[in-house]
Amino acid sequence: MAQQVPLDFLGDLRRTHSCGALRAANEGQRVVLMGWVYRRRDLGGVIFIHLRDREGVTQVVFRAECDGNLHGKAEMLRSEYVIAVEGLVEARTAENINPNIPTGEVEIVAEKMWMLNTSETPPFPMEEHVDVNEDMRLKYRYVDLRRPHMQRNVMLRSKISLEVRNELSSQGFLEIETPFMTKSTPEGARDFLVPSRIQPGNFYALPQSPQIFKQLLMISGYDKYFQIVRCFRDEDLRADRQYEFTQIDLEMSFPQEEQIFQTIEPLLEKVCAAAGYTVKAPFPRMTYAEAMQGYGIDKPDLRLPRFWPVEDLFPADAGLTREGLPLVAIHIPGTGVLSRKERDELKDYGRERGLTVYDDPKRLERDFPGVIEKVRERTGAGENDLLLLAGWRDEPKGQRPEETVYQACGQLRLFAGQKYNDRHKLLDPKDFRFLWVLDFPMFEWNDEDERWVAAHHPFTSPKDEDLEKLTTNPARCRARSYDIVLNGVELGSGSIRIHRQDIQSQVFSAVGFSQEEAQARFGYLLDALTYGAPPHGGIALGLDRLVMILAGETSIREVIPFPKTAKGTDLMSEAPAPANERQLRELGIQLRRPQG
RNA sequence: GGGGACGUAGUUCAGUUGGUUAGAACGCCGGCCUGUCACGUCGGAGGUCGCGGGUUCGAGCCCCGUCGUCCCCGCCA
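Shown next as structure tokens:
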């Protein structure tokens, strides 16, 4: 228990400044500060405390010689006590200036102090330099959020949201809300369901995104909509995935892709500027096919160089890869000479993914004289760089077999890049490399269900010239979709939508919905498309991921005030929790007991 | 659903081949200290070694199970 300390009332006392505001220019002013006791240094006759609020830290000094009663009261102060202090701003002498804090030129000589509240000893240190296990931080999140590190992240998030609203509003976008209690959509992620009390047995679903509603808003004539909106997906959690996450969602009428890019690029310029970084539009662009052929992934990290197909440089019968499949040269700069063990690790990693990895260019040079020189020329790999060749070992796999090879090579490239990042600083987190990826395929093959599923979502328009491939060759049908990628992270995803009912029906049927099914699931959208739906399209950016990267974090939990654990638990409130019998009865729900 | 890492004082960690009374730092409590700013100094308290079972003369350490946190795969239209 905290010691018994007589508390004071706040009354009509007001702050004059924040704890981060005072400078030498304020010398001599009478001020009132309020905040938390960050650190206390009791030197006997004089007590220093650092008083903290979200704006910063200011030193307050209590001198016994000036006021014995006040000094005695200050002796009771402990970490995280909440106090108000009135006193005079005094300039510190040159040797006493603290260069580590912005208010370090001054201190407050306390004349009055109000003890507003005590605090238990915090469950973990408030200091920034101390790492604490995440479960402790989440259990006492209200304390963790008080630490300067989290306060910076939360404030940065607010700043970025404000910047988004300002920029989009100034571009003529309207902020419009859409419902959270809506209808379950098939495909996509698992929905969170909300039972209806008035209609037992019926359920609302929380939106995985406001997709259909924003399309309906376009049909309703609200050109240029945006929303900073919570989305819900019941899938397993990760460092960059939570059940609830926030999208910067927008949609416009009559756009070409170009207009979406021209909306987002200045937005991201402004957002980065708000975080203190300069990025320059236009961002580079590449097609999905180029991304796969150069990086083996649809979200290339441009901080590492691309890989290159090089099978054409070798004799046709070289046998380094399966016939008809690519041989890939992977180049990681500046790694220097790797040990036997390190190279074996790379080979093993590739082998587990179906690749045969050739890690020794000299040996290949012996078997195929002159070829490595050409490979180095194509890749730009120097003598001090890592150069790996990778071919496919097994039977060709998948509907787009060359893609399977590129994907494995892409994983190997990232594995190697990240592995040597620490040593060689290949991946600077403050080197922001935005990228547009265009022309995704319309469909991906789902092995489990043995059918095509929409790669983006089933409202994405096929490219005009690929329209007939919807039925004839779905594997090669391209979509008018685009992703914005930042340093290997998918930041956002969008598309030009289908605005014609006939095409929408074709797409539903391509992903295996019967007419009746499509009507039951999306009848209202199909109907709406018949009432004058304009061409429209948009995009949604993951706000959590954006803030995460700009804050230099590697988990979105660091930029979400109250996140859940990997098992979906809130360690503070202990949600989820059982519903009581009365709640269940009202909802008409009977629990199915686990077997046994 | 699968793989991996971790769990010891309030916190962060160490703990040898299985062997005496489980340690350190920070924090906390008390004393001293009038210029500190991660104050200093002297002293003190603080442990269900996540939980349950097993092996053993003996378990923080070995085995089985279980719970929790983190990372990855699957999953994420």
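Going by numbering that gives the first Met the number 0, the first residue of the first sequence is number 0, and it counts up by one from there.
Cβ atoms here follow ideal geometry from the backbone N, Cα and C, with glycine treated the same way.
Asked                                                                                         : Found
Burial state of Met180 (16 or more Cβ within 10 Å)                                            : exposed
Under the three-state DSSP convention, the category Asp653 falls into                         : Since the first residue shown for the chain is 0 and the last is 595, residue 653 is missing from the structure and cannot be characterised.
Phe433 versus Val546 - alpha carbon distance                                                  : 14 Å
Test item: CB-CB of Arg14 and Val31 under 8 Å                                                 : yes
Buried/exposed call for Arg300, threshold 16 Cβ in 10 Å                                       : Per the sequence shown, residue 300 should be read as Asp rather than Arg. Label assigned to Asp300: buried.
Helix, strand or coil at Phe512 [DSSP, three-state]                                           : coil
Under 8 Å between C-beta atoms of Glu264 and Phe282                                           : yes
Proximity to Leu542 [Cα-Cα], best of Ile175, Ser492, Gly200, Gln589                           : Ser492
Environment of Gly487 [buried if 16+ CB atoms lie within 10 Å]                                : buried
7 Å Cβ shell around Pro457 - same chain, five flanking residues per side excluded             : Glu186, Val506, Phe507, Val510
Ala1 burial status per 10 Å Cβ neighbour count (16 or more: buried)                           : The predicted model places Ala1 with a pLDDT of 49, which falls under 50 and marks its position as unreliable, so this point remains unresolved.
Backbone CA spacing between Trp113 and Glu573 [nearest angstrom]                              : 35 Å
For Phe433, three-class secondary structure by DSSP                                           : strand
Pairwise C-alpha distance: Glu344 and Pro400                                                  : 25 Å
Option nearest Ala565 by Cα separation, candidates Ala23, Leu137, Ile211                      : Leu137
Buried or exposed (CB count within 10 angstroms, at least 16 for buried), Pro577              : exposed
Three-way DSSP call (helix, strand, coil) for Gln3 in this model                              : coil
CA-to-CA distance, Phe225 to Thr334, given in whole angstroms                                 : 45 Å
Ser480 - partner residues in DSSP beta bridges                                                : Ser494
Inter-residue Cα distance where the pair is Lys182 and Val105                                 : 59 Å
C-beta contact flag for Leu50 and Cys18 at 8 Å                                                : yes
Endpoints, alpha helix (DSSP H) assigned at Arg362                                            : 360-366
Ser252 in three-state terms, based on DSSP                                                    : strand
Cutoff 6 Å; reference Ala607; Cβ partners in own chain excluding five residues on either side : Beyond the ends of the chain as shown, which are 0 and 595, falls residue 607; an answer cannot be given.
Three-state class that DSSP yields for Val558 in the structure shown                          : helix
Secondary structure of Thr120, DSSP reduced to three states                                   : coil
Phe8 burial status per 10 Å Cβ neighbour count (16 or more: buried)                           : exposed
DSSP three-state assignment for Glu573, whether helix, strand or coil                         : coil
Euclidean distance between Cα positions of Asp143 and Asp11                                   : 30 Å
Cα-Cα separation, Lys396 to Val370                                                            : 28 Å
For Leu485, the three-state DSSP class (helix, strand or coil)                                : strand
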